[in-house]
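Visitor: Got a structure here, written out as structure tokens. Questions coming.
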Amino acid sequence: MNLKKLLSFGKSKKAEIKIEECSISEEAMTIVKRYSNSRLLPFYNQDLYSEKPVKIAGVCVKCKQDETELLALKLREELKAINYLAFICDSNREKVAMIPGSDQFEILKIQQTNGDNYEISNRSVISKLKEYYRSYPFTIIDADYDWVEVEFEVLPNGKELKAFAREIAEFCPDLVEQGTGSINDLMEEIKGTRKLSLWWD
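full-length UniProt numbering puts the first residue of the sequence shown at 1, with every later residue one more than the last.
Set out below in structure tokens:
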């Protein structure tokens, strides 16, 4: 298989160098192309806090907004067997990224997800979500620099859910103030969708 043709990054010598840096195996590329006819693009890891040059962390594909979550789910299920992660990687929900690895919290590290407006660092976001994960396992389905969405495998119940919702609202005030409007509505949303979206404007 011609890896450069599969990637379609471009024809320049500079683009060819980037292809070698993408760290994605041909097996993973083949799986991605099985589910998407879109051109494979480099997925960049940019340092938000310095002038360091961008690095290629993996690849991504564009798709229709209403198809993004299903594509991410299909890719995640197939790619995990060969130690790759798939997730929605942009706020418009029109791109799915693939990166090597099996630790989903690396997604937050690469995306540098933070709540800087509330003095919540990337490290704090990762630490808090790991804490949540230990009690209520979930899968990270999308993330960018100021938001993350997860889908729960195990949900808190009863009093546990109310305490959990209060803790979440304290960690992410925008969720209630700009989103659900109340703790009770946040609880209903978590129960109804099995998802949790956190963002810090």
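Backbone N, C-alpha and C define an ideal beta-carbon position, used for all residues, glycine too.
To which residues of the same chain is Asp66 closer than 8 Å at the C-beta, ignoring the five residues directly before and after it?
Guide: Within the same chain, Asp66 has no close Cβ partners at all.
Visitor: Since I believe Ala57 is in contact with Val96 (beta carbons under 8 Å), could you give me their beta-carbon distance rounded to a whole number of angstroms?
Guide: Not quite, the Cβ-Cβ distance comes to about 14 Å (not below 8 Å), so this is no contact.
Visitor: Taking the continuous alpha helix (DSSP H) assigned at Asp185, which residues delimit it?
Guide: It spans Ile183 to Thr193 - the alpha helix (DSSP H) in which Asp185 sits, taken as one unbroken run.
Visitor: Tell me where the beta strand (DSSP E) around Tyr44 begins and ends.
Guide: Counting along the chain, the beta strand (DSSP E) containing Tyr44 begins and ends at Leu41 to Asn45.
Visitor: Suppose you measure from the CA of Leu186 to the CA of Glu26; what does that come to, to the nearest Å?
Guide: Straight-line Cα distance between these residues: approximately 42 Å.
Visitor: What residue does the beta strand (DSSP E) around Thr139 start on, and which one ends it?
Guide: Thr139 -> beta strand (DSSP E) spans Phe138 to Asp144.
Visitor: Go through its chain and collect everything with a Cβ distance to Gly115's Cβ below 6 Å, but skip five positions before and after it.
Guide: Contacts found: Trp200.
Visitor: Going by C-alpha to C-alpha distance, which of Phe43, Lys109 and Val61 sits closest to Val54?
Guide: Cα-wise, what sits closest to Val54 is Phe43.
Visitor: Which residue marks the beginning of the alpha helix (DSSP H) containing Gly158, and which one marks its end?
Guide: Gly158 to Phe171 is the extent of the alpha helix (DSSP H) around Gly158.
Visitor: Flag this pair as touching only if the stretch 78 to 85 and the stretch 111 to 126 have three or more C-beta atom pairs under 8 Å; answer yes or no.
Guide: The answer is no - the stretch 111 to 126 does not touch the stretch 78 to 85, with fewer than three Cβ pairs under 8 Å.
Visitor: By a C-beta neighbour count over all protein chains shown, 10 Å radius and 16 as the cutoff for buried, is Asn2 buried or exposed?
Guide: For Asn2, the predicted structure reports a pLDDT of 47, less than 50, and the residue's modelled location is therefore unreliable. A value from the coordinates is still provided. Exposed is the call here.
Visitor: Pull up the distance between the alpha-carbon of Ile99 and that of Lys74, whole angstroms please.
Guide: Approximately 15 Å, taken between the alpha carbons.
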